[in-house]
Amino acid sequence: MALKVFTSLFIFIAISSLVASDPDSLQDLCVADKSAGTKVNGFACKEAANVTEADFFFAGLAKPAVINTSVGSVVTTANVEKISGLNTLGVSLSRIDYEAGGLNPPHTHPRATEVIFVLDGELDVGFITTADKLISKHIKKGDIFVFPKALVHFQKNNGDKPASVISAFNSQLPGTQAIAATLFSATPAVPDNVLTKAFQIGTKEVQKIKSKFGPKS
Numbered sequence: 082m083a084l085k086v087f088t089s090l091f092i093f094i095a096i097s098s099l100v101a102s103d104p105d106s107l108q109d110l111c112v113a114d115k116s117a118g119t120k121v122n123g124f125a126c127k128e129a130a131n132v133t134e135a136d137f138f139f140a141g142l143a144k145p146a147v148i149n150t151s152v153g154s155v156v157t158t159a160n161v162e163k164i165s166g167l168n169t170l171g172v173s174l175s176r177i178d179y180e181a182g183g184l185n186p187p188h189t190h191p192r193a194t195e196v197i198f199v200l201d202g203e204l205d206v207g208f209i210t211t212a213d214k215l216i217s218k219h220i221k222k223g224d225i226f227v228f229p230k231a232l233v234h235f236q237k238n239n240g241d242k243p244a245s246v247i248s249a250f251n252s253q254l255p256g257t258q259a260i261a262a263t264l265f266s267a268t269p270a271v272p273d274n275v276l277t278k279a280f281q282i283g284t285k286e287v288q289k290i291k292s293k294f295g296p297k298s
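The sequence shown begins at 82 in my numbering and counts up one residue at a time.
Right under this line is the structure:
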């Protein structure tokens, strides 16, 4: 089973590289030099003599993460910030673990399409088009689902057992904007009169929601 999972991941990455949204690389590799002060749509390249196998390795997706969030899910990323060798390659992965009843709240990835592969459990997933149409599906272990680039999407574990997925992206750093957190925990804060008008609720309700999120650190 493990072989099938990793075979699927390799297929994800291969497909992603064919339609990568990040700029094409002009050299064999450009391991991210995160200590460099200059960034031009990515990280500067580390000196080739200083590149090692550690720049291309990450073991952080092997085991389920500890879930201690209010929404009941945890995302573990394997992007260029964790794997320096991904710089300029246009691909990355994440693992998402959900407790029973857990939610990965509505969010977008502004720089990438996402493909998820269900490792364990079952999920109700969906995305919303710019025509406000919800495309949703119940998926289970071994299934694949695609979330188009930049569209709002979510995953919900409505079962009584934990679930987990591997996500593949056609970007080294896809970015994530959680809709509620973005609007109610921005710094500086989004003005209350903007949120009351947008959501057709009162100022007290806006303040109550903001208090649950708090400012981003």
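Beta carbons: idealized from backbone N, C-alpha and C, even for Gly.
Once the 5 residues before and after residue i are set aside, which same chain residues still bring their CB inside 8 Å of it?
| i | result |
| --- | --- |
| His234 | Pro187, His188, Thr189, Glu195, Val206, Gly207, Phe208, Ile209, Phe228 |
| Ser298 | Here the model assigns Ser298 a pLDDT of 49, short of 50, so the residue's position is not dependable, and the following value carries that caveat. Closer than 8 Å at Cβ, skipping near neighbours: no residue. |
Measure how close the beta-carbons of residue i and residue j come, nearest whole angstrom, since I'm counting them as under 8 Å.
| i | j | result |
| --- | --- | --- |
| Glu203 | Ala244 | 6 Å |
| Gly171 | Asn238 | The pair is not a contact, with the Cβ atoms about 30 Å apart (cut-off 8 Å). |
| Ile177 | Gln236 | 7 Å |
| Leu184 | Val161 | At roughly 27 Å, the Cβ-Cβ gap does not stay under 8 Å, so Leu184 and Val161 are not in contact. |
| Ala117 | Ser165 | The Cβ separation is near 12 Å, so there is no contact. |
| Phe198 | Ile247 | 5 Å |
| Ala193 | Pro269 | No, Ala193 and Pro269 are not in contact; Cβ-Cβ is about 28 Å, not under 8 Å. |
| Val156 | Ser175 | 6 Å |
| Lys115 | Gly141 | 17 Å between Cβ atoms; not a contact. |
Need the endpoints of the alpha helix (DSSP H) that residue i sits in, please.
| i | result |
| --- | --- |
| Lys278 | 273-280 |
| Ile260 | 260-265 |
Among all the DSSP beta bridges, which residues are the ones paired with residue i?
| i | result |
| --- | --- |
| Val227 | Val196 |
| Thr284 | Note: Thr284 sits in no beta bridge, so no partner. |
| Thr268 | BP columns for Thr268 are empty, so no partner. |
In the DSSP assignment, the beta strand (DSSP E) including residue i goes from what residue to what residue?
| i | result |
| --- | --- |
| Ala159 | 154-159 |
| Ala244 | 244-250 |
| Phe235 | 233-237 |
| Ile164 | From DSSP, Ile164 is part of no beta strand (DSSP E); its letter is neither H nor E. |
| Leu381 | Residue coverage of the chain in this structure runs from 82 to 298, which leaves residue 381 outside it and unanswerable. |
Please state whether DSSP places residue i in a helix, a strand or coil.
| i | result |
| --- | --- |
| Gly207 | strand |
| Asp201 | strand |
| Ala113 | strand |
| Lys127 | coil |
| Asp103 | coil |
| Ser298 | Because the pLDDT of Ser298 is 49, which lies under 50, any placement of that residue in the model is unreliable, and the number read from its coordinates should be weighed accordingly. DSSP places Ser298 in coil when its eight states are reduced to three. |
| Ile290 | helix |
| Leu254 | coil |
| Leu142 | coil |
| Asp136 | helix |
| His190 | coil |
| Ile148 | coil |
Using a Cβ-Cβ cutoff of less than 7 Å, which residues in the same chain neighbour residue i once the five nearest sequence positions on both sides are dropped?
| i | result |
| --- | --- |
| Leu167 | Asn160, Val161, Ser173, Gln253 |
| Thr257 | His188, His190 |
| Asp136 | Val112, Ser165, Gly166 |
| Lys242 | Ala181, Gly202 |
| Val287 | Asp273, Leu276, Thr277 |
| Gly295 | Ser266 |
For the ligand GDP, I want to know if residue i counts as a neighbour, meaning its beta carbon is within less than 7 Å of at least one of the ligand's heavy atoms.
| i | result |
| --- | --- |
| Leu110 | Absent from the structure shown: the ligand GDP. Ligands present: none. |
CB-CB under 6 Å to residue i, same chain, minus the five flanking residues each way: which ones, in chain order?
| i | result |
| --- | --- |
| Ser217 | Gly207 |
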